[in-house]
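Residue numbers (the working numbering), protein chains in the order written: chain A, 6 to 425; chain B, 6 to 425.
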């Protein structure tokens with residue numbers, strides 16, 4: 006099945022918001038074997054919207070609309086699609102009642118448009134807003150309408166639209182993603198080349214993400230259980246070649262901070278953080294994980310030498326002899342923050358984010374990350390090549406990955422033990 | 006002039022990356038009075054790309070391409086556009102030499118495609134990569150080609166494509182944006198309704214941003230200087246009605262953290278931060294500003310009561326009597342971090358981000374922000390309505406805005422002085 010995404014809203018064309026919905030729909034569709042060939046954004050203008058819809062009907066089997074389901078006259082998606090499909094809009098009592106509950110009886114009239122759906126369509130419920138979504142099939146085309154706000158659109162698509170689309174598929178299609186770091190895409194491909202070359206079911210496809218590379222393993226079968234079995238066998242085969250570079254895997258997308266945060270929570274391991282160059286971003290990454298406050302005891306951004314000495318007991322001689330950005334300072338920072346908070350782990354980061362602050366000996370991008378468990382302390386050196394913002398986000402990822410290795414007792418870490 | 010953006014790259018359709026280029030082009034075009042009516046994303050497929058280009062030629066005067074200018078066979082944008090325009094590609098000696106410098110003589114052959122441009126086009130130099138951009142006019146159409154990576158695309162568009170587009174305009178068009186907070190879009194519109202209704206040159210348009218609302222003032226004239234004069238007169242008129250809500254204004258887009266960071270640097274005012282619910286995000290926001298380390302002395306994420314007592318001298322009785330999320334705790338945190346670091350200002354945040362942790366008395370979204378200059382201490386209470394992530398980003402904005410008011414001695418702040 007070939008599909009496309011049409012995002013409706015003048016705010017997209019004015020550059021006020023960014024089209025995250027199209028990316029989300031693409032990614033979810035890939036996972037169940039639907040190819041998305043086009044994204045289009047168009048304004049709240051009936052003529053232009055009609056033309057875009059006509060083009061889509063001419064070339065795609067599936068059309069996913071995002072946006073334009075609001076209560077105002079500017080919101081045109083449903084009204085235009087219904088004309089193009091030559092199907093009427095019908096009032097749905099339950100949707101009207103839901104609006105009454107959400108808005109109060111007196112305000113429903115302003116939003117009454119949102120209680121109408123295209124005749125014959127399946128309602129895709131909105132758990133976070135007033136605009137219901139819908140899915141309808143006509144003349145071999147499948148049309149899905151979703152509201153624009155990503156917090157409404159994304160869960161509706163995963164929870165309700167994907168199961169609707171699965172009904173149309175003869176076979177169940179399921180994808181699992183394996184994430185790797187510490188090698189490039191060509192090296193990863195080389196390691197599993199014969200598996201990719203001879204793939205049939207499951208298929209294996211390499212994809213580059215911001216901070217890591219992935220292999221997406223996609224299986225087709227009669228149901229989810231058999232897909233999972235096929236995937237897990239293939240994953241085992243892939244892991245035999247790639248184990249040292251493997252970070253984590255997921256059916257539902259998961260970030261590095263979620264993975265490490267969940268690992269800390271699950272094992273009830275407390276952590277405290279002393280950051281310099283990452284300036285709060287490492288702590289902030291972990292704080293995205295709900296419930297993390299039960300294990301994250303303290304984060305401190307020690308930008309000055311004074312603050313490093315006072316809060317972390319970094320020694321004056323260490324700073325003088327080795328400098329703020331050094332293996333020795335990272336070591337003392339990690340030891341200091343761990344000792345101060347008596348956490349299972351103390352993390353430290355010191356480095357030069359740029360654009361200023363670099364020298365021939367200590368260039369922009371030089372980073373030391375330390376982890377102490379009170380007994381052993383590990384320190385790694387990195388030399389990054391990005392701009393300020395990239396160096397910071399990259400370092401956050403590397404620190405979380407380092408912590409993951411220490412928690413899991415990876416064999417990689419023994420060489421990083423730092424002894425003074 | 007009406008334009009559209011075509012972004013080329015299968016990685017967009019796989020959902021691997023998000024289309025930030027289209028948003029950027031839209032926003033910059035708006036500022037010089039060009040309407041963007043469509044965004045399209047299409048994969049690295051010649052047939053589909055050709056159809057998308059044909060549609061664009063049929064409906065738009067300006068077509069901006071992003072992506073597909075790389076050195077591999079998959080990169081098709083230039084090769085396809087050149088066929089559709091019926092213009093040949095020509096080798097440019099200087100581009101070849103630039104590639105030699107960047108890649109070394111032996112590697113140029115792999116990238117030689119990137120030394121070719123469409124005949125008759127103006128080169129848009131790439132200061133951050135190997136793919137040169139170009140701009141060409143034919144048969145009343147203007148075509149611009151830019152590489153996909155946002156770090157290359159965005160500066161090239163602002164620095165080289167915008168001046169090229171300005172040549173086509175009979176008049177100079179310039180926009181300035183005024184940002185406001187503390188009132189809604191309808192209230193702001195009501196305050197300046199007659200100015201908007203009777204607008205001619207400059208025009209005034211309200212736009213909603215993530216954390217604030219704006220008025221965009223756009224002037225047309227013979228050159229930049231006269232535009233600036235027109236804009237500044239109109240801005241003065243608007244400010245008479247809106248002064249209490251005004252935050253800052255800019256010709257080139259500026260974020261709240263850049264504005265406040267620059268203000269601190271300019272006035273050489275040091276700051277230290279004690280965060281609880283924002284978990285490092287407030288410090289991380291300021292750290293985005295290059296050079297900030299000279300005024301940002303320390304940031305500390307005090308997630309536990311212990312950490313608040315130990316690092317900030319928050320009193321046991323205060324926590325017991327008023328609770329961690331209270332005006333009194335915010336006060337002591339701000340006093341404590343300022344006293345510890347002897348900075349011009351100490352900032353504190355304590356609140357409940359959610360989803361857990363709320364109660365009837367202290368619901369999710371309750372936030373206290375404190376600022377102390379060692380003499381006076383100000384505390385504000387907020388009741389936010391978002392989810393965890395939104396409450397955190399909103400609080401960062403509110404804290405920076407509060408600090409801005411304190412630095413500038415806004416009359417709003419006197420009512421926030423907290424006395425114990």
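In this text, a Cβ means the ideal position worked out from N, Cα and C, and glycines have one as well.
Confirm, please, whether the CB-CB distance from residue j to residue i is below 8 Å.
i	j	result
residue 184(B)	residue 254(B)	yes
residue 121(B)	residue 94(B)	yes
residue 292(A)	residue 285(B)	yes
residue 434(B)	residue 20(A)	Residue coverage of chain B in this structure runs from 6 to 425, which leaves residue 434(B) outside it and unanswerable.
residue 207(A)	residue 235(A)	yes
residue 37(B)	residue 30(B)	no
residue 182(A)	residue 231(A)	no
residue 353(B)	residue 375(B)	yes
residue 369(B)	residue 400(B)	no
residue 227(B)	residue 176(B)	yes
residue 282(B)	residue 412(B)	no
residue 44(B)	residue 60(A)	no
Grouping DSSP H, G and I as helix and E and B as strand, with all else coil, what is residue i?
i	result
residue 183(A)	strand
residue 304(A)	strand
residue 25(A)	helix
residue 145(B)	coil
residue 113(B)	helix
residue 363(B)	coil
residue 290(A)	helix
residue 278(B)	strand
residue 267(B)	helix
residue 126(A)	coil
residue 157(A)	helix
residue 133(B)	coil
residue 374(A)	strand
residue 47(A)	strand
residue 60(A)	helix
residue 178(A)	strand
residue 166(A)	helix
residue 70(A)	strand
residue 140(B)	strand
Could you check the C-alpha separation between residue i and residue j for me, to the nearest Å?
i	j	result
residue 343(A)	residue 336(B)	28 Å
residue 424(B)	residue 191(B)	36 Å
residue 108(A)	residue 83(A)	21 Å
residue 171(A)	residue 225(A)	12 Å
residue 194(B)	residue 152(B)	39 Å
residue 250(B)	residue 418(B)	13 Å
residue 145(A)	residue 405(A)	48 Å
residue 80(B)	residue 49(B)	7 Å
residue 117(A)	residue 216(B)	29 Å
residue 273(A)	residue 47(B)	46 Å
residue 275(B)	residue 366(A)	29 Å
residue 85(B)	residue 11(A)	24 Å
residue 63(A)	residue 25(A)	25 Å
residue 189(B)	residue 113(A)	22 Å
residue 416(A)	residue 238(A)	24 Å
residue 324(B)	residue 341(B)	14 Å
residue 101(B)	residue 115(B)	12 Å
residue 166(B)	residue 140(B)	7 Å
residue 68(A)	residue 259(A)	27 Å
residue 361(A)	residue 329(A)	15 Å
residue 119(B)	residue 106(B)	14 Å
residue 246(A)	residue 384(A)	27 Å
residue 111(A)	residue 196(B)	28 Å
Does any residue of chain C bring its CB to less than 8 Å from the CB of residue i?
i	result
residue 13(B)	The question asks about chain C, but that chain is absent: this structure's protein chains are A and B.
Specify whether the region 158-169 of chain A and the region 121-135 of chain A touch according to this definition: at least 3 beta carbon pairs, one from each stretch, less than 8 Å apart. Counting C-beta pairs with one atom in each stretch, the region 158-169 of chain A and the region 121-135 of chain A have three or more that are closer than 8 Å, which means they touch.
Stretch pair the region 382-390 of chain A + the region 197-212 of chain A: three plus CB contacts closer than 8 Å: Three or more Cβ pairs closer than 8 Å define a contact, and the region 382-390 of chain A falls short of that threshold against the region 197-212 of chain A.
If you scan the region 318-344 of chain A from start to end, which runs of the alpha helix (DSSP H) of 4 or more residues do you find wholly inside it? As far as the region 318-344 of chain A is concerned, its whole alpha helix (DSSP H) runs of at least 4 residues are 321-327.
Indicate whether the contact test is met: 3 or more Cβ pairs, each with one atom in the region 67-81 of chain B and one in the region 44-55 of chain B, closer than 8 Å. Yes, the region 67-81 of chain B touches the region 44-55 of chain B.
Are three or more beta carbon pairs between the region 298-314 of chain A and the region 302-309 of chain B nearer than 8 Å? Verdict: yes, contact present.
Starting from the N-terminal side, write out each stretch of the alpha helix (DSSP H) that is 4 residues or longer and does not extend beyond the region 193-280 of chain A. Runs found: 198-202, 229-247 and 261-272.
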